[in-house]
Structure formats: C-alpha cells, structure tokens
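A.B. asks:
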Amino acid sequence: MLFEKQRIKLQKASIRYIIFIYFTLTALAASIFIGISLYSRLSGQMSATIREENQILINQITRSMEDYLRTVMKLSDSLYYGVVKNADLASGSIGSEMTLLYDNNKDNVENIALLSKEGKLLEAVPAARLKTNVDVTGENWFTSTLEKTENMHFSTPHVQYIFDGSENQYRWVISLSRAVEITRGPSTDQGVLLIDIRYSSLEQLFDGVNLGNGGYVYLISSSGEIIYHPQAQLIDSGIVRENNLEVSGLRDGNYRQTVDGEERTVTVKTVGYTGWKVVGVTPLDGVSLNNIKTKLLVIFMIAFVLFIMTIINSYISSRITDPIKELEKSVNEIEAGNLETEVRSGGSYEIQHLGNSIQNMARQIRRLMDDIVAEHESKRKSEFDTLQAQINPHFLYNTLDIIVWMIENENLTDAVRVVTALARFFRISLSRGKSIITVRDELEHVRNYLMIQHMRYKISLLIPWRQRMRSLTWPVSSLSSSRWWKMPSITAWNLWTGTGKSVSGHGGRIRIYL
C-alpha cells in the first residue's frame, strides 16, 4: 500500500524532481557500495598494520632481551674461562678478578658466587658469606645445573636470600648458573658459578612498551611460568587471569584467543639462549575502536560525497529540465489559443527538434484557421451576392409596377417619392461593390424599403427609431473586429422581410432599438 502511494506520488512529480531523485539514489547506492568496499579494505589493512607493528615491536624487545642475556652470558664466560679455569684455589684467591668484573657490570648484576658441588661458598662478591643453616644444594638453580652440566641455566624471578652480610640480600633476581671445573692443587673438582641478574634491569627493558589500543607485553619461561608481567600483582592475587600456560605451547606467530569472554590478538616470539617467550597481547576492543573511527571516517566521506553529488545532480537536472519547462510554457500558451506564440526551444537536440515541430504545427494550424475564415467569408459573401441577385429583380419589377400605376393615376408626388426611395435603396445596396456597410447606411436602406412598401400596400406602419447616434458612425478598421459596428448590406432588410410581412396585411407597430 505504501509502495503504491509512493508510485502514484512519483507519477505526479515533475521530471526535474524524478531526475534528481533517480540521480541521487544512484549516487547514494554507489557511495554506499564504495564506502563498504573502502571500509572493508581499510579495516583489513588496519588490522594487518596493527599485527605488523606489534610483530615489529615484539621483535625489537626480543632482540633487546637477547642482547641483554648475551651480555650476562659473556660475563659468565669471562669468569669461567678467564678466571676460574686458570686459577688454583688451593694456592690463591680469585676475589679481586671477580670484583673487577662485578664492578664493570654491577648495573645488571646483583651477586657473583662460586660454589663447590657440596654447596660450600668458595668466592662471592659483593656478598661475604652464606647464611647459617642454608642448604644451597636444595635450590632449583643448583640442582638443575649439576643435572645438565653442559648448559647455562636461567631461573625464574625469585628472592635471593642465601647470602648474609650484604646489602643486596632479599632482592628479586634471576639466577644464571653453569657447571665449572675447580682446580685445587693436583685435583679437579666440579662446582657451580652463580650470577644473580637484577630483576629491575630486566623490568626496564619492558617499561614504556605499549602496543597501543590497550595492549601489553609479558615474558614467560618455556614451561609457562611468568617472568615479567605488567599486572603481575593482580595475577598473583587472582584478580586478573592470564592464559600463559596455553601460550607457552604456541609457536612463534600471531593468534586470536578468547580469555574470560574477551577476544584478543596474541603475538608470540621465542627469546634465544633461554627458550623464554615474549608475548604481545592486543584486545580486539582496541582494534574495534579503530574500526569505529574508520567507520566514522567512511560515513563522513559518504555524506560529503553525497552532498557534492546532490548539488551536481540538482545542477544537471535543472540543465536538463529548464528547456522542457520553457517548452511547456509555450505549449500552454498555444493551448490557450495564442497561436502567435514563439516557441522557446533549447537544451538537447531532441528538445530542440520537438520545439521546432510544435512551432511548425502552430503555424500550420494558424494558416489552416486563416484559410477556413477566408473560405467562410468568401462563402458568406457569395451567399449575400446570390440573395441580392435573387431579390433585386423581383423587388425592382414590383416597384416599377407601382410607379407606373401612380403615373397612370396622375399621382406624381408619390411617384417621385417612390422613384427617389428606389434610387437610394439601390445606391446603398450596391455600396460601391462593398458587402459590409455601416449601421447608418443600413438603417437608411431599411427606411427607403419601408417607404416603398408603404406606397405599395397602403398600410400604416408606426416605426419609432431609437438609437445612440454615436454608434452609427463608430470607426472600424478590419472585418474581424467590425462585426459589432458594421453589418452586411441588406441584413436589416432581411430582418424586415421576416417581420414586416407578418404585419403588412393587418397593420401594426415595429420598434427598432440600436
């Protein structure tokens, strides 16, 4: 029903409105199609860009981590191959060499210690001794080192509490340990070289790292234990949950996960030497926020394009329909009867051709109407001429018969009056060959005729004449506009013949008003 009403309304609309609506709808459809395509492309490209940027940032952090760990590992190599391996602890101490290396790396190193496989402290800087009743052999870093002597071992962050008499006790550290050979005189024994890395120096690598859109970066071990996380305290208290154990089983790359109903993109990169993994997390809400901005941008672009297209469509529709409107005005004037109207035609070839055709049609109609009027006038004139030709001989015969009768009866006065009236009657009838005469002449024509009839029938006719004298001499210039002020000759005489004969035998009264 609504569609039918709109269709009827559209049928009554002007061509300019229809063209404008169709052009605008076409532009709107095209703008929406382009906007959707553009949004899909921009959205996909933005998501890809975010993933690439996150990947680049994760790679940079991973390289920084590897450089940092490589520095510590080089320190471990220098201590082992440059100091411990070349020294005989039975005859001397390596404390000064260890202190020198510690001083050069104390910004990143908390403690350096050399222990025997029985857990006895042999050398340490800057710590002086182990705490009483502390069994080092029970520590994870110590047992894992002796189990796999060929590798360096990195522990998870923990509080180092085994040393006493040091201002660096109870600090968060990451322990790097390796198995070493200790020389004591002629014998060689196995020991453990421990380097405690400052946890704070590791945190500095991640401080200020922001993936954008609410993203963050954290570090886990190969087994999934959290080494660094910006929300570590919240995770420890159970307020926030992290799927670090699940991520530890993933290979390097980008993944989409859902944690506690929140969708997010996860980027994983393995750190060399350790098997640790740097994990970047970007909530999809942040990406969606960028998508909303993209949507607003696309909507603004569509609105702007539609606004421009509306102006252009209005201009185009006016350029197309203005000549049609002018042509419509000309056709309305012709329809009103003004065939002299100059048809205004312009615009495209078809409209110009139509305007010229209508102009030619109007001219042809005007010529046909002129021909009809001329033919009608000619026919009317021919009828009057025929009527005069029929009346005059008969009327002349009767009038001459009256004149003869008057002369025979020696009624000369009346005969003169009749002859004079007859002369005047025929003078007006001839009218110098004109078929149209003035009202004054026609009335004179009737008076002469009535006088002759009065003499013929001897009847008493009372004919009072009332007219406005100004109407008898109104000037008229053309036949088409003089029909009210001039009349064909013998017109009034014909009227008399239709009325006068009816009273000629009985007498009566005829009144003529002009």
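Residues 0 to 513 (numbering that gives the first Met the number 0) are what the sequence shown spells out, left to right. Idealized CB from N, CA, C, for every residue including glycine. Nothing here was measured: the structure is a model prediction, and the numbers come from that model.
1) Looking only at its own chain, which residues have a Cβ that is under 6 Å from the Cβ of I111, when we skip the five neighbours before and after it?
2) Here's a check: name, in chain order, each residue in its chain whose Cβ is nearer than 8 Å to the Cβ of I196, leaving out the five neighbours to either side.
3) Please list, in chain order, all residues of the same chain as L74 whose beta carbon is under 8 Å from its beta carbon, the five residues on each side excluded.
4) Would you kindly work out how many angstroms separate the C-alpha atoms of V258 and H228, rounded to a whole number?
5) When the distance is taken between beta carbons, is D251 closer than 7 Å to V267?
6) Below 8 Å on the Cβ atoms is my guess for F424 versus N410; work out the distance and round it to an integer in Å.
7) To which residues does DSSP link Q189 through a beta bridge?
8) In angstroms with no decimal places, state the Cα-to-Cα distance between V246 and E262.
9) DSSP three-state call for H228: helix, strand or coil?
10) Helix, strand or coil for L175? Go by DSSP, reduced to three states.
11) DSSP three-state label for I196, please.
12) In this structure, does DSSP put I17 in helix, strand or coil?
13) Candidates T25, A29 and G34: which alpha carbon is nearest I298's?
14) Out of D321, A361 and Q351, which one is the CA nearest neighbour of E334?
15) Write down the C-beta distance between M450 and R426 rounded to the nearest angstrom, noting that I regard them as a contact closer than 8 Å.
16) Nearest by alpha-carbon distance to R50: which of V304, V280 and E138 is it?
17) With a Cβ-Cβ cutoff of 7 Å, do E122 and L129 count as a contact?
18) When you compare only the Cα positions, how much space is there between S154 and V216?
19) When DSSP builds the beta bridges, which residues end up paired with G279?
20) Can you tell me the Cα-Cα spacing of T273 and G91, whole angstroms?
21) Looking only at its own chain, which residues have a Cβ that is under 6 Å from the Cβ of R343, when we skip the five neighbours before and after it?
22) Look at the Cβ atom of Y79, then the Cβ atom of L192, and state whether they are nearer than 7 Å.
23) Taking one C-beta from the segment 301 to 319 and one from the segment 18 to 28 each time, how about it: are there three or more such pairs within less than 8 Å?
24) If you count every other CB in all the chains shown that lies within 10 Å of the CB of L201, and 16 or more means buried, which is it?
25) With respect to the alpha helix (DSSP H) encompassing T142, which residues constitute its N-terminal and C-terminal limits?
26) Looking at the secondary structure, which residues open and close the beta strand (DSSP E) in which T257 lies?
27) For S115, which of helix, strand or coil comes out of DSSP?
28) Check R170 in the structure and name its three-state DSSP category.
29) Compute the distance between the beta-carbons of G118 and T144, then report whether it is under 7 Å.
30) In this structure, does DSSP put H453 in helix, strand or coil?
31) Compare the beta carbon distance of R15 and T320 with 7 Å and say whether it is the shorter of the two.
32) Roughly how many whole angstroms lie between the Cα atoms of S199 and S39?
33) How big is the Cα-Cα spacing for R467 and Q363?
34) Taking a contact to mean a Cβ-Cβ separation below 7 Å, would you say S30 touches V304 in this structure?
C.D. replies: Short version:
1) M97, Y101, V124 and I194
2) V71, N107, V108, E109, V172, I173, S174 and L175
3) L100, N104, V108 and I194
4) 16 Å
5) Against a cut-off of 7 Å, the Cβ pair of D251 and V267 comes out as a contact.
6) At roughly 20 Å, the Cβ-Cβ gap does not stay under 8 Å, so F424 and N410 are not in contact.
7) E180
8) 15 Å
9) coil
10) strand
11) The answer is strand: DSSP assigns I196 an E or B state.
12) Helix, per DSSP.
13) G34
14) A361
15) In fact, because the Cβ distance is near 14 Å, the residues do not count as touching under 8 Å.
16) It is V280 whose Cα lies nearest to the Cα of R50.
17) no
18) 20 Å
19) V216 and T266
20) 34 Å
21) E325 and S329
22) yes
23) yes
24) Counting other Cβ atoms within 10 Å of its Cβ, L201 reaches 16 or more and is therefore classed as buried.
25) Following the DSSP letters along the chain, one finds T142 inside the alpha helix (DSSP H) bounded by residues N139 to E146.
26) Residues G252 to V258.
27) strand
28) strand
29) no
30) helix
31) Between R15 and T320, the C-beta spacing is below 7 Å.
32) 44 Å
33) Any answer about R467 is weak, because its pLDDT of 48 lies below 50 and its placement is not dependable; what the coordinates show is given next. Cα to Cα, R467 sits roughly 43 Å from Q363.
34) yes
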